[in-house]
Amino acid sequence: MSESDLSSKYVLQTAGFDARFPNQNQTWHCFQNYTDYFKCIAAKGEDFAPCKQFKRAYNSLCPNEWTAKWDEQRENGTFPASLEP
Numbered sequence: 907m908s909e910s911d912l913s914s915k916y917v918l919q920t921a922g923f924d925a926r927f928p929n930q931n932q933t934w935h936c937f938q939n940y941t942d943y944f945k946c947i948a949a950k951g952e953d954f955a956p957c958k959q960f961k962r963a964y965n966s967l968c969p970n971e972w973t974a975k976w977d978e979q980r981e982n983g984t985f986p987a988s989l990e991p
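If you read the sequence shown in our numbering, its first letter stands for residue 907, the second for the next number, and so on.
As structure tokens, then:
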């Protein structure tokens, strides 16, 4: 498969600018998108397209180790934030 075939198949993107997080440190931006995603799917369901933007953003911003830890905390009921819509 040629490079042009790959570039037309995959589009690489990162999270866009969010005015709520103007500083370089994106830790809170990561966490907020993670919680916003789960709040959104709790309210609207996993098939609600706007929720997917939060997931793309946290997947782009958050280290995998963090999201794995948070997923485990959610499963155990020990996640440190409310995910109620």
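Cβ coordinates follow ideal geometry from the N, Cα and C atoms, glycine included.
Sequence-distant residues of the same chain with beta carbon closer than 7 Å to aspartate 924, five excluded per side: Residue numbering aside, residue 924 sits at position 18 when the sequence shown is read from its first letter. Correct list, in chain order: His935.
Rounded separation between asparagine 965 and threonine 933 - CA only: Position 59 of the sequence shown holds residue 965. Position 27 of the sequence shown holds residue 933. The alpha-carbon atoms of asparagine 965 and threonine 933 are separated by roughly 12 Å.
Reduced DSSP secondary structure (H/G/I, E/B, other) of proline 956: For the purposes of this step, residue 956 is taken as the residue at position 50 of the sequence shown. Helix, per DSSP.
Reference glycine 922, options Leu967, Leu989 and Cys957, closest by Cα: Taking the first residue of the sequence shown as position 1, residue 922 is located at position 16. Of the listed residues, the one whose Cα sits closest to glycine 922 is Leu967.
C-beta neighbour in chain B for tryptophan 934, strict 8 Å: Here there is only one protein chain, and chain B is not present.
Residues near lysine 945 by beta carbon distance below 6 Å, same chain, minus five either side: Translated into the one-based positions of the sequence shown, residue 945 becomes position 39. Cβ neighbours of lysine 945 beyond the five flanking positions: Leu989 and Pro991.
Asparagine 939 vs phenylalanine 954 beta-carbon contact at 8 Å: For the purposes of this step, residue 939 is taken as the residue at position 33 of the sequence shown. For the purposes of this step, residue 954 is taken as the residue at position 48 of the sequence shown. Their beta carbons are not under 8 Å apart, which means asparagine 939 does not touch phenylalanine 954 by this criterion.
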